[in-house]
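Structure first, commentary second.
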Amino acid sequence: GKEYAGVGLTEIEARKKFRWVVTGTASTTDVYKDLIRAKSLQVKLIFAGPKMRLVGYEAFGNGVIASAELASFVIGLRLSILSLMKFNYISHPSMTPWPFMNPMIMASEEAMGKVMEKMKRLLKWWK
154 GKEYAGVGLT EIEARKKFRW VVTGTASTTD VYKDLIRAKS LQVKLIFAGP KMRLVGYEAF
214 GNGVIASAEL ASFVIGLRLS ILSLMKFNYI SHPSMTPWPF MNPMIMASEE AMGKVMEKMK
274 RLLKWWK
């Protein structure tokens, strides 16, 4: 069956606690898509505060434990979205959905895209 994992704050809890909150999601598979045993995996990261630190993680699907452990480690170290995007990781068809990508990085990149869009709107307003 499918698994669920959550670490840290939910998005609702983060919005109550922090003024700035942004989420990033990744819908992918637990292992390389060409493998027969590939199953769906959805990951959601919650970044908050002025430094956009990772404060929450939620995932549903197969293979949630690996990214849940990483999320717990990142939250404990109080790392920001930029730190997570620079994360070096090992890739193998039996471990990641793509040879060049990781669900945590995919969700971080989506969240960073939202941050950049908000910054563009703010700068346009400032002019």
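For the sequence shown, my numbering puts the final residue at 280, and the numbers step up evenly by one. For each residue, glycine too, the CB sits at the ideal point set by N, CA and C. Keep in mind the model is a prediction, meaning the values are calculated, not measured.
Cβ separation of residue i and residue j, assumed to be a contact under 8 angstroms, to the nearest whole Å
i	j	result
V227	L237	6 angstroms
G161	V208	5 angstroms
A264	F171	Not really, about 14 angstroms apart at Cβ, beyond 8 angstroms.
L148	T176	Nothing in the structure corresponds to residue 148, since the chain is present only between 154 and 280.
M259	A179	4 angstroms
P281	S233	The shown model of the chain, from 154 to 280, leaves out residue 281, and the question about it has no answer.
Of the residues the options, the one placed nearest residue i, counting alpha carbons only
i	options	result
G159	K267, W278, A224	A224
Y157	Y210, E263, W279	Y210
Y185	G216, K277, A221	G216
K169	L230, G202, V196	G202
E164	V196, A219, R231	V196
W173	G214, R206, K277	R206
K239	E222, R231, S261, G229	S261
Limits of the beta strand (DSSP E) - the one that residue i falls within
i	result
R206	206-214
A129	Not covered by the structure: residue 129. The range shown for the chain is 154 to 280.
V160	156-161
Opposing strand residues paired with residue i [DSSP bridges]
i	result
A179	V196
V174	A201
Residue range of the unbroken alpha helix (DSSP H) whose run includes residue i
i	result
W278	256-279
F240	First-last for F240: undefined, no H or E at that position.
S233	S233 -> no alpha helix (DSSP H), and no H or E assigned at all.
S184	At residue 184 the sequence reads Val, which differs from the Ser that was named. Where V184 is concerned, there is no enclosing alpha helix (DSSP H), given that its DSSP letter is neither H nor E.
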